[in-house]
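Colleague:
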Amino acid sequence: MNNVPIKNREKFLYALIGMFKIEDFYRAINEYFNFIQTFERLEFYDIVNFLKNAMTGIFHSKEDWTNVKKHSSNSLIEHEMREINRRTDIGCRWSNAGVYKFIKLLEINRHATHNFNQYFKQNRKPIVNLVQTHLYS
Numbered sequence: 001m002n003n004v005p006i007k008n009r010e011k012f013l014y015a016l017i018g019m020f021k022i023e024d025f026y027r028a029i030n031e032y033f034n035f036i037q038t039f040e041r042l043e044f045y046d047i048v049n050f051l052k053n054a055m056t057g058i059f060h061s062k063e064d065w066t067n068v069k070k071h072s073s074n075s076l077i078e079h080e081m082r083e084i085n086r087r088t089d090i091g092c093r094w095s096n097a098g099v100y101k102f103i104k105l106l107e108i109n110r111h112a113t114h115n116f117n118q119y120f121k122q123n124r125k126p127i128v129n130l131v132q133t134h135l136y137s
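In this text, residue positions in the sequence shown follow the UniProt record's numbering: the first is 1, and each later residue adds one.
1) Given that a residue counts as buried once 16 or more other Cβ atoms are within 10 Å of its Cβ, and exposed if not, what is I47?
2) Between M1 and H79, what straight-line distance do the alpha-carbon atoms span, to the nearest angstrom?
3) Helix, strand or coil for H79? Go by DSSP, reduced to three states.
4) Is the distance from the Cβ of Y32 to the Cβ of M55 below 8 Å?
5) Is V99 helix, strand or coil when you go by DSSP?
6) Just curious, the alpha helix (DSSP H) that D64 is in, first and last residue?
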């Protein structure tokens with residue numbers, strides 16, 4: 001919406017949100033085409049191209065559009081996925097295997113804390129208790 005005046009952006013966004021709430025798949029597609037034509041008349045061709053490219057992902061299939069199952073997540077999962085995205089997209093560059101192990105670690109820690117040591121054995125040397133050691137000079 002870079003070229004759209006700020007005062008007009010809200011009504012375009014509400015129109016787009018309204019399309020996603022239409023239950024009839026073909027009516028929603030028709031409204032989407034009308035939405036694209038609005039931007040063509042305004043000569044916002046970058047928005048037109050974006051909407052046309054996004055169409056196949058939005059209107060994947062009628063079955064997907066009419067799916068009544070609700071999917072949700074909690075903020076903990078969203079936080080974990082955001083952290084994984086942050087580490088894989090910039091900075092650490094985790095491998096796929098590293099991401100898998102990270103998720104496994106989090107899920108086992110959350111759901112199988114009683115078996116945590118069975119899944120993740122310590123490979124380090126045991127920590128020496130400094131109280132029991134004697135320093136010789």
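Positions of the beta carbon are idealized from the N, C-alpha and C atoms, including for glycine.
Modeller: The relevant details are as follows:
1) By 1-based counting over the sequence shown, the position of residue 47 is 47. Residue environment: I47 is assigned as buried (16 or more neighbouring CB atoms within 10 Å of its CB, all protein chains considered).
2) What you label residue 1 is simply residue 1 of the sequence shown in a count that begins at 1. What you label residue 79 is simply residue 79 of the sequence shown in a count that begins at 1. Cα to Cα, M1 sits roughly 28 Å from H79.
3) Within the sequence shown, residue 79 is the residue found at index 79, counting from 1. Helix, per DSSP.
4) Reading the sequence shown from its first residue, position 32 is the one you call residue 32. Reading the sequence shown from its first residue, position 55 is the one you call residue 55. Going by beta carbons, Y32 and M55 fall inside the 8 Å limit.
5) Sequence index remark: in the sequence shown, residue 99 carries index 99 (1-based). Here DSSP, grouped into helix, strand and coil, assigns V99 to helix.
6) If you number the sequence shown from 1, residue 64 lands on position 64. Boundaries of the alpha helix (DSSP H) harbouring D64: 62–65, taken from the DSSP string.
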